[in-house]
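Residue numbers for the first sequence follow our numbering, beginning at 19 and rising by one. For every residue, glycine included, the Cβ atom is placed at its ideal position computed from N, Cα and C. Some notes on the structure that comes next.
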Amino acid sequence: MKKQIWALLVQSLTALQSKKIIPVYDTSCIKIETSRGSEHGDFASNIAMLLARIVKSNPRDMAQNIIDHLPESEILERVDIAGPGFINFYLKPNVHQSIIHEILTSDHQYGDSKIGANTPTLIEFVSANPTGPLHIGHGRGAAYGAAVANLLKKTGFDVSCEYYINDAGRQMDILAVSVWLRYLQHCGVDISFPDNAYQGDYIIDIAVKLHADHAEKFILSSDNIIVLLAEEDAELRLDQLIRYCIDSLGEMNYRTIFDAGQHSILIRIKEDLRDFGVEFDNWFSERSLINSDAINKHITKLFGHSLIYEKAGAQWFKSSKLGDEKDRVLIRENGQATYFASDIAYHLSKVERGYEKIINIWGADHHGYIARVKAAMQAFEWPLEKLEILLVQFATLYRGKEKLQMSTRSGEFISLKELQDEVGKDAARFFYIMRKSEQHLDFDLALAKSQSNANPVYYIQYAHARICSVFRQIPAKNFEYHQAEALSNSANLTEPHEIKLLATLARYPDVIENAAIHYEPHQLAYYLKHLAHDFHTYYNAKQFLVEDKTIRNARLTLIEATQHVIQDGLRLLGVSSPEIM
RNA sequence: GCGCCUGUAGCUCAAUUGGAUAGAGCACUGGCCUUCUAAGCCAGGGGUUAGAGGUUCGAGUCCUCUCAGGCGCGCCA
């Protein structure tokens with residue numbers, strides 16, 4: 019519909035251009051907006067005000083000029099000038115109704131678009147370190163990433179979802195040593211557990227299983243360990259314990275403990291995500307980059323490059339030359355690559371795998387990291403415009419008034435699973451999506467629980483269930499409904515409630531496209547709330563199952579179309595559409 | 001100290017990405033079930049968009065400064 023209005027405007031402007039009333043103007047700049055309120059018609063354009071500025075004339079005169087040159091149209095009732103120079107378009111009442119036919123005959127493709135042009139797209143999200151279960155902070159990234167992925171698929175992008183597993187590095191070693199110490203305790207070795215090792219009870223579960231699988235294979239006498247535990251520098255203490263564990267048990271045994279921890283946690287992460295309705299196409303291991311020597315391969319390419327230099331035995335990347343605030347180490351003094359180095363290799367792999375659009379969804383605490391990744395992309399002469407880094411603000415956890423620092427290490431967090439068990443998948447997914455991603459999120463589980471019944475998701479689902487219920491009752495009332503027949507000779511739906519609902523349904527493709535290109539799934543959530551409201555209002559105002567067959571059929575096609583759109587919209591947000599509530 | 005994000009109704013958040021009279025839900029007040037599901041509908045009160053300047057036909061949105069909150073500034077990941 020919007021496109022038809024747009025075409026009319028283009029014709030008018032072309033005519034004005036040929037008459038030299040206005041200069042040649044890029045027609046793609048013409049913006050048509052869906053009017054906020056019906057008092058401003060169905061659609062509006064601000065083009066007259068923009069053009070008036072260019073030719074320095076009165077906006078309302080310009081608007082009149084444009085209207086005078088509009089071609090005849092079947093769909094327009096009238097066109098007005100309003101306010102400072104808006105052009106408002108009013109559609110003929112029966113025009114709205116064609117949207118039903120479009121929705122019901124498109125086989126659930128309504129709202130699809132091709133703007134993505136099958137662009138190979140990689141969305142990387144969640145990517146939490148496998149050092150503990152996912153918590154409610156990760157849940158936000160999961161819900162957001164999955165919704166963005168669905169929206170991009172809907173708009174024609176060829177999307178793959180990927181989880182980057184940070185299975186290398188110090189955090190993982192701390193996890194391994196945490197498991198080992200719990201294992202020793204479980205075996206009766208009398209040692210204390212460091213307060214900066216991983217505190218969560220899940221570590222004990224892993225240790226118990228490690229003992230079940232390997233008996234007492236990893237036991238060492240407590241004497242040396244007690245000495246190491248006495249170290250005052252907490253971080254040094256952990257590093258020394260890691261070193262000691264590797265040296266005394268041997269690489270092989272250490273790796274067994276390490277893998278026991280990682281695998282068990284990763285399995286749980288995968289389960290939690292699946293239960294949350296979030297699926298990944300690929301799980302990409304950081305260690306696979308190290309094992310395949312990909313990092314060295316790429317980094318050595320940079321050696322000799324003017325942006326690489328050596329200082330204090332380490333290899334540095336001159337990222338400060340490319341917009342970063344300081345230079346960064348790639349290869350440490352001890353010869354090991356930094357996390358940044360593996361991340362460069364990882365991003366290069368994304369490009370090598372042929373992705374034209376690379377989307378990273380990161381927690382906002384990583385924002386300081388953006389500049390150096392972009393600097394690296396420039397150094398490698400990768401196309402910077404392919405990379406899109408979306409930040410999701412952190413969830414702050416509250417227990418009543420008290421603010422808690424959510425941390426996997428301290429075991430101070432509410433797990434995603436816990437949230438899901440308390441409020442259910444649908445309410446949890448919607449709770450996250452309702453908020454714009456850059457909005458800070460205060461999370462109080464007690465509040466989330468108490469408000470779960472007030473969650474707007476039920477309002478939307480209820481509309482869907484009501485529609486299903488209406489259709490269930492058709493046979494009992496001795497009515498019949500044949501969609502094709504109903505569509506072919508439908509009465510006019512001209513009641514105000516019906517026109518409003520039709521107009522809202524017509525907006526769906528626009529909402530999808532906007533939500534997709536701006537990566538803002540919350541727009542869809544708010545739209546669905548609005549759609550449900552229009553339906554509930556209609557439901558209370560009019561009876562659908564009435565004696566008059568033509569009216570009955572027309573109304574049934576309308577609510578069936580509504581049902582389709584609600585289903586599709588909720589699906590994109592990862593929420594179910596129950597038939598009974 | 002520097003950088004990024006945020007500040008909108010009592011609370012939680014929107015606002016078509018610079019548009020017209022800033023809107024929803026919760027909470028509060030009143031009304032609507034002998035009619036397709038009352039997890040619903042209708043009506044009402046509630047605002048100096050943190051503050052001060054600026055840009056223009058037009059600013060919650062853009063720029064500058066101030067205030068307040070969050071996060072980040074490792075040879076951690």
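Close beta carbons around residue i, own chain, < 7 Å, minus the five adjacent residues each side
| i | result |
| --- | --- |
| Ile313 | Leu307, Ala355, Ala359, Ser360, Ala363 |
| Thr555 | His515 |
| Val113 | Ile93 |
| Tyr477 | Lys547, Ala550 |
DSSP state of residue i mapped onto helix, strand, coil
| i | result |
| --- | --- |
| Tyr216 | coil |
| Lys518 | helix |
| Ala230 | helix |
| Phe358 | helix |
| Ala33 | helix |
| Val144 | coil |
| Ser310 | coil |
| Gly381 | strand |
| Asn300 | strand |
| Ile224 | helix |
| His153 | strand |
| Asn473 | coil |
| Val347 | strand |
| Phe211 | coil |
Selection from the options that minimises the alpha carbon distance to residue i
| i | options | result |
| --- | --- | --- |
| Gly372 | Arg447, Asp251, Ser178 | Ser178 |
| Asp293 | Leu26, Ala446, Asp277 | Ala446 |
| Tyr108 | Glu51, Ile141, His384 | Glu51 |
| Tyr181 | His156, Ala524, Ser30, Phe175 | His156 |
| His229 | Met599, Glu249, Ala278, Lys339 | Ala278 |
| Glu513 | Cys263, Ala62, Ser455, Leu576 | Leu576 |
| Ser433 | Asp290, Lys454, Phe497, Ile23 | Asp290 |
| Pro527 | Met395, Ala81, Leu170 | Leu170 |
| Tyr357 | Lys435, Phe489, Arg305 | Arg305 |
| Tyr450 | Ser428, Ala483, Gly429, Thr414 | Thr414 |
| Leu199 | Tyr162, Arg158, Tyr272 | Tyr272 |
| Glu436 | Asp231, His153, His126 | His153 |
| Asp257 | Lys227, Glu456, Val195, Gly381 | Val195 |
| Lys443 | Ile376, His540, Ser595 | Ser595 |
| His281 | Pro148, Tyr216, Asn352, Glu234 | Pro148 |
| Asp16 | Ala509, Leu519, Arg390 | No statement about residue 16 is possible, as the shown extent of the chain runs from 19 to 599 and does not include it. |
| Ser239 | Cys205, Ser36, Arg255, Ala160 | Cys205 |
| Lys49 | Ala70, Lys74, Ile23 | Ile23 |
6 Å Cβ shell around residue i - same chain, five flanking residues per side excluded
| i | result |
| --- | --- |
| Asp98 | Asn106 |
| Ala397 | Leu325 |
| Pro474 | Lys547 |
| Leu88 | Leu26, Ser30 |
| Asn168 | Leu590 |
Residue i - partner residues in DSSP beta bridges
| i | result |
| --- | --- |
| Pro138 | Asp176 |
| Arg158 | According to DSSP, which records beta bridges pairwise, Arg158 is partnered with nothing at all. |
| Glu328 | Gln333 |
| Leu405 | Ile376 |
| Arg255 | Its beta-bridge partners do not exist; DSSP assigns none. |
| Asn106 | Ala62, Asp98 |
Buried versus exposed call for residue i [16 or more other C-beta atoms within 10 Å across all chains shown]
| i | result |
| --- | --- |
| Asp265 | exposed |
| Asn309 | exposed |
| Lys392 | buried |
| Ala550 | buried |
| Ile72 | exposed |
| Ala494 | exposed |
| Pro212 | buried |
| Ile485 | buried |
| Lys132 | exposed |
| Asn571 | buried |
| Tyr327 | exposed |
| Arg573 | buried |
| Ala502 | exposed |
| Asp191 | buried |
| His582 | buried |
| Asp552 | buried |
| Ser506 | exposed |
| Val410 | buried |
| Arg54 | exposed |
beta-carbon residue i near the ligand NAD non-hydrogen atom, thresh 8 Å
| i | result |
| --- | --- |
| Ile23 | Only the bare structure without any ligand can be found here, which leaves the ligand NAD out of the picture. |
Cut-off 8 Å between Cβ atoms - residues of its own chain near residue i, not counting five sequence neighbours on either side
| i | result |
| --- | --- |
| Lys472 | The question names Lys, but residue 472 in the sequence shown is Ala. Excluding sequence neighbours, Ala472 sits near nothing in its chain. |
| Asp460 | Ala413, Thr414, Tyr416 |
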